[in-house]
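Participant: Counting from 1, position 569 in the sequence shown corresponds to residue 610 in my numbering; the numbering is continuous, with no gaps. The structure that follows is given in the form of structure tokens.
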Amino acid sequence: MNIKFKLALVLFYILTSYHAQSQTQWTADGNAYYHFSKEGIEVIDLLSPDKKEFFLTAADLVPEGKSKALEVQSFQVAPDGQRLLLFANTKRVWRENTKGDYWLYEQATKKLTQVGQGLPESSLMFAKFSPDGKRLAYVSKNNIYIEQLSDNSITQITTDGTDKIINGTFDWVYEEEFGTQDGFRWSPDSKKIAYWKQDARDTRYFYMINNTDSLYSFLIPVEYPKVGLKPSATYLWTYDLASKKQQAAQIDGEADQHYIPRMEWVKDSKSIILQQLNRKQNSSKIILSDVATGLSKTIHQENSDAWIDIKARWNDGDPSGWDWMNNGKEFIWLSEKSGWRQIYSIDLQGKEKLISQDDFDVINIAHIDNASETIYFTASPYNATQRYLYKVSFKGGKAARVTPEAYSGTNSYRISPNGKLAIFNHSSVQSYKGGAIVSLPKHQELMAAKSSFEADPAKPHAEFFQVTTVDGITLDGWVVKPIDFDPSKKYPVVFYVYGEPASQTVTDNFNTGKNFLYTGDMPADGYVYVSLENRGAPAPKGAGWRHSIYRNIGRVNIRDQAMGAIEVFKWGFIDTSRVAVWGWSGGGASTLNLLGQYPEIYQTGISIAPVTNQLLYDNIYQERYMGLPQENEEDFLKGSAITYAGNVKGNLLIVHGTGDDNVHYQNAEVYINELIKHEIPFQMMAYPNRSHSINEGEGTSAHLAKTFTNFLKTYCPPGAR
42 MNIKFKLALV LFYILTSYHA QSQTQWTADG NAYYHFSKEG IEVIDLLSPD
92 KKEFFLTAAD LVPEGKSKAL EVQSFQVAPD GQRLLLFANT KRVWRENTKG
142 DYWLYEQATK KLTQVGQGLP ESSLMFAKFS PDGKRLAYVS KNNIYIEQLS
192 DNSITQITTD GTDKIINGTF DWVYEEEFGT QDGFRWSPDS KKIAYWKQDA
242 RDTRYFYMIN NTDSLYSFLI PVEYPKVGLK PSATYLWTYD LASKKQQAAQ
292 IDGEADQHYI PRMEWVKDSK SIILQQLNRK QNSSKIILSD VATGLSKTIH
342 QENSDAWIDI KARWNDGDPS GWDWMNNGKE FIWLSEKSGW RQIYSIDLQG
392 KEKLISQDDF DVINIAHIDN ASETIYFTAS PYNATQRYLY KVSFKGGKAA
442 RVTPEAYSGT NSYRISPNGK LAIFNHSSVQ SYKGGAIVSL PKHQELMAAK
492 SSFEADPAKP HAEFFQVTTV DGITLDGWVV KPIDFDPSKK YPVVFYVYGE
542 PASQTVTDNF NTGKNFLYTG DMPADGYVYV SLENRGAPAP KGAGWRHSIY
592 RNIGRVNIRD QAMGAIEVFK WGFIDTSRVA VWGWSGGGAS TLNLLGQYPE
642 IYQTGISIAP VTNQLLYDNI YQERYMGLPQ ENEEDFLKGS AITYAGNVKG
692 NLLIVHGTGD DNVHYQNAEV YINELIKHEI PFQMMAYPNR SHSINEGEGT
742 SAHLAKTFTN FLKTYCPPGA R
């Protein structure tokens, strides 16, 4: 359910972040980065961005004996800076294209050599150089291989990989809910590899059915642990290249009753460090494991009355890596145990120190600069809809804001490894400026933004507001009013909702208030468009705000939305007989809950890919926020839209892809059965074999937008009255 739900900004970032899947590849001095374009891969000097210096040209992408260039998705730069590893001919695994072919490009000879020759086409995953640049390691068919670059000899280091025994990568639910994909790590001395091994033999398949791509239908299996069922057993192993010895890390607890979402090598290459979560994800241990003996010890433990969400804390949803400081003697850790998400340092004996000593949330770490002993992070102490860069010393203390006051809105930074330069993007409802180069820590602009967009002053844009509900809860919100707005008239209102702990909707950026599913112009047609941010949303408003939804998804968030809507009605220009709500995924579930629990408020709903029964979703997400159904099943039922289906009185459109491996089409069918039982009319649009994003296939996105718009205009007619 926490897939990035479909906002207009998704389309915007697709357009402005080409090859976003790969992280920025910086030059050794940190003054330039490698950029992929139709012309090839060039080196962009931050201080002279107009200077053209190509590492390889488009013509270099044609392998010897071939007539067609490689279709490259991403690339890596070798440690020596003289070679590139190109990822091409990629195939989708779950949500992203993470398997394909790899080619090594030598700059000196302009030679392309395919890696992993003899292995199945488009089967290689997560290939990466050893730190000394002499070898590559990669995964194919759930086994791990090492390739010697001097002679391209290949060593297979695991042999038990099958569809159910997974080495070096992860099952569906780990990737979806922890953000883990790449499941192995080179040691700093290049002599060992540490890797995850998952035993999914007890994880049942959920079967999707394909009725359209052949004469006879066929099944598509997805190993998917439903809430209440145990996860795949997860282990950590190490492999020594010289001795060829395999060693299991001896970690306390049953392997199918815990999670290991983070693991990395300690700098001395003698041990690995990992984070272990219990099944309910409310207890976290940091563990050191000696690779020679496998013996492990817990050096730090943290417990929560709600949950410990590792995905939200690290690297924009990617928990890989470890944030070392002081030459590997300490590391950075984020914790909400004080009531705020704050930065701590922890040494290898487990001794911790509070670094960020302000009473506000750290949103995420932007950069750790060991040279200047400075940590850069994003925060927004006074406005939860915005983002700014702050810095704090390793020694601890009060943080200082780096982003100038002039940049009100959402600000993002790609900071160079040298900590002195950053690629700076600024976004607000009024404007977008992207690709400026600034120096740190003074934030002096060295190069102006490459791209810039200004909102049309003649058109309405999102205005931010707050309302306080009858429960005393103050909610952030935005509203886009119609063109030629007349407060003496009555307008229909459309609420956009998400509502669950995976994402915010009320944020200050250039696409806030734009509805990409509406074919036309909502303000010109006479709609008021509104979004409210309920408790439980991952806004930087303190752990109490976020954790208040624990065991209350489908109740606390739904009441906040409904009570907030009542406050919006008090503005006086809302036609309360024309009230619509829509959402996707968690927002689809919220839409159904609002129609079922508060039918006196909402007359029209469009629910896309909703979880209709919380007992049908995956274990990691649902148990994190709701507990175990074996202990409190009543909470799951009270928060599920299916419980209130019999109360729906308005106009309802349900949209779902039959090939949704995330929120299964099963959710739509069980909810429809409940509507039928209660003789409640509704409309349904099923998209054959489409996934959770419902964007595959020619014409799909346009069709969905037309379906959305026609339904909304029919049952919540636009225009002032």
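For each residue, glycine too, the CB sits at the ideal point set by N, CA and C. Owing to the predicted nature of the structure, the values given are computational and were not obtained by experimental measurement.
Quick check: the Cα distance between G627 and G540, rounded to an integer number of angstroms?
Facilitator: Taking the straight line from one Cα to the other gives about 7 Å.
Participant: Would you mind listing the alpha helix (DSSP H) stretches within the region 573–606 that are 4+ residues and don't spill past its ends, in chain order?
Facilitator: 584–588, all fully within the region 573–606.
Participant: Let me know if R762 comes out buried or exposed under the rule of 16 or more other beta-carbons within 10 Å of its beta-carbon.
Facilitator: Label assigned to R762: exposed.
Participant: Does the beta carbon of E672 come closer than 8 Å to any beta carbon on chain D?
Facilitator: Here chain D cannot be found, since the structure has a single protein chain.
Participant: Let's see if you can read the secondary structure: which residues bound the alpha helix (DSSP H) around Q638?
Facilitator: G627 to Q638 is the extent of the alpha helix (DSSP H) around Q638.
Participant: Where does the unbroken alpha helix (DSSP H) through I185 begin, and where does it stop?
Facilitator: Element bounds for I185: not the alpha helix (DSSP H) but the beta strand (DSSP E), N184 to Q189.
Participant: Determine the contact status of N730 and N251, defining contact as a CB-CB distance below 8 Å.
Facilitator: In this structure, N251 lies closer than 8 Å to N730 by Cβ.
Participant: Between A178, S572 and K394, which lies nearest to S376 when the distance is taken from Cα to Cα?
Facilitator: The shortest C-alpha separation from S376 is found at K394.
Participant: Just mark Q62 as buried or exposed, buried being the case when its beta carbon has 16 or more other beta carbons within 10 Å.
Facilitator: Interpretation of Q62 is limited by its pLDDT of 36, a score under 50 that renders its predicted location unreliable; the figure taken from the coordinates is listed afterwards. Flag for Q62 reads exposed.
Participant: Going by DSSP in three states, K175 sits in which element: helix, strand or coil?
Facilitator: Reduced to three states, the DSSP call for K175 is coil.
Participant: Start and end of the alpha helix (DSSP H) containing Q663?
Facilitator: Taken as a continuous stretch (DSSP letters only), the alpha helix (DSSP H) holding Q663 covers N660 to M667.
Participant: Using three-state DSSP, classify H767 as helix, strand or coil.
Facilitator: Residue 767 is absent from the structure shown; the chain starts at 42 and stops at 762.
Participant: For R511, count neighbouring Cβ atoms within 10 angstroms of its own Cβ and tell me buried if that reaches 16, exposed if not.
Facilitator: In the sequence as presented, Arg is not what sits at residue 511; that position holds Val. Exposed, by the Cβ-count rule.
Participant: Return the chain-ordered list of same chain residues with a C-beta closer than 6 Å to the C-beta of Q638, the five sequence neighbours on each side being excluded.
Facilitator: Closer than 6 Å at the Cβ level, and outside the excluded window around Q638, lie I599 and Y685.
Participant: Return the CA-CA distance between R592 and Y666, expressed in angstroms with no decimal places.
Facilitator: Straight-line Cα distance between these residues: approximately 6 Å.
Participant: S468 and T451 - do their beta-carbons sit closer together than 8 Å?
Facilitator: Their beta carbons are under 8 Å apart, which means T451 touches S468 by this criterion.
Participant: Just to confirm before moving on: does the CB-CB distance between L753 and A682 stay below 8 Å?
Facilitator: Cβ atoms of L753 and A682: not closer than 8 Å.
Participant: Relative to the C-alpha of L462, which residue among V479, S449 and G475 is closest?
Facilitator: It is V479 whose Cα lies nearest to the Cα of L462.
Participant: Please state whether the Cβ-Cβ distance between G561 and W519 is less than 8 Å.
Facilitator: Cβ atoms of G561 and W519: not closer than 8 Å.
Participant: Less than 8 Å between the C-beta atoms of T199 and I185, yes or no?
Facilitator: A contact, by the Cβ cut-off of 8 Å.
Participant: Bridge partners for N208 per DSSP, in chain order?
Facilitator: Per DSSP, K238.
Participant: Check V470 in the structure and name its three-state DSSP category.
Facilitator: Note: V470 maps to coil in three-state DSSP.
Participant: Spell out the partners DSSP gives Y74 in its beta bridges.
Facilitator: For Y74, which the question treats as bridged, DSSP gives the partners W67 and I85.
Participant: According to DSSP, is I683 part of a helix, a strand, or is it coil?
Facilitator: Correct three-state label for I683: helix.
Participant: Under 6 Å Cβ to Cβ from Y473, same chain only, skipping five residues before and after it: list those, please.
Facilitator: Contacts found: F494 and F551.
Participant: Assuming contact is defined by CB atoms lying nearer than 8 Å, are F211 and Q197 in contact in what I supplied?
Facilitator: No; because the gap between Cβ atoms is not below 8 Å, this pair is not in contact.
Participant: Are the region 555–574 and the region 522–531 in contact at 8 Å, needing three or more beta carbon pairs?
Facilitator: Contact between the region 555–574 and the region 522–531 is present, because at least three Cβ pairs lie under 8 Å.
Participant: Which one or two residues does DSSP pair with H744 in a beta bridge?
Facilitator: Its beta-bridge partners do not exist; DSSP assigns none.
Participant: If you run the structure through DSSP and keep just helix, strand and coil, what is Q62?
Facilitator: Because the pLDDT of Q62 is 36, which lies under 50, any placement of that residue in the model is unreliable, and the number read from its coordinates should be weighed accordingly. In this structure, Q62 counts as coil in the three-state DSSP scheme.
Participant: Using CA atoms only, rank isn't needed, just tell me which of D402, Y300, I384 and V689 is closest to N660.
Facilitator: Comparing Cα positions, the closest option is Y300.
Participant: Can you tell which of G369, S361 and K271 has its C-alpha closest to the C-alpha of S310?
Facilitator: When only C-alpha atoms are compared, the closest one is G369.
Participant: Throw me the rounded Cβ distance for the P315 and S325 pair, which I believe falls under 8 Å.
Facilitator: Residue identity differs from the one stated: residue 315 is Leu in this sequence, not Pro. That pair is no contact at about 11 Å.
Participant: Give every residue of the same chain whose Cβ lies closer than 7 Å to the Cβ of S312, excluding the five residues on either side of it in the sequence, and list them in chain order.
Facilitator: Correct list, in chain order: L329, S330, D331 and V332.
Participant: Spatial neighbours of D402 within its chain, please: C-beta separation below 6 Å, excluding the five flanking residues on both sides.
Facilitator: The residues are W381, R382 and P581.
Participant: Grab me the residues of L430's own chain with a C-beta within less than 7 Å of its C-beta, minus the 5 sequence neighbours each way, in chain order.
Facilitator: Contacts found: A407, Y417, T419, V443, T444, N452 and Y454.
Participant: With DSSP run on the structure shown, which of helix, strand or coil describes A168?
Facilitator: Strand.
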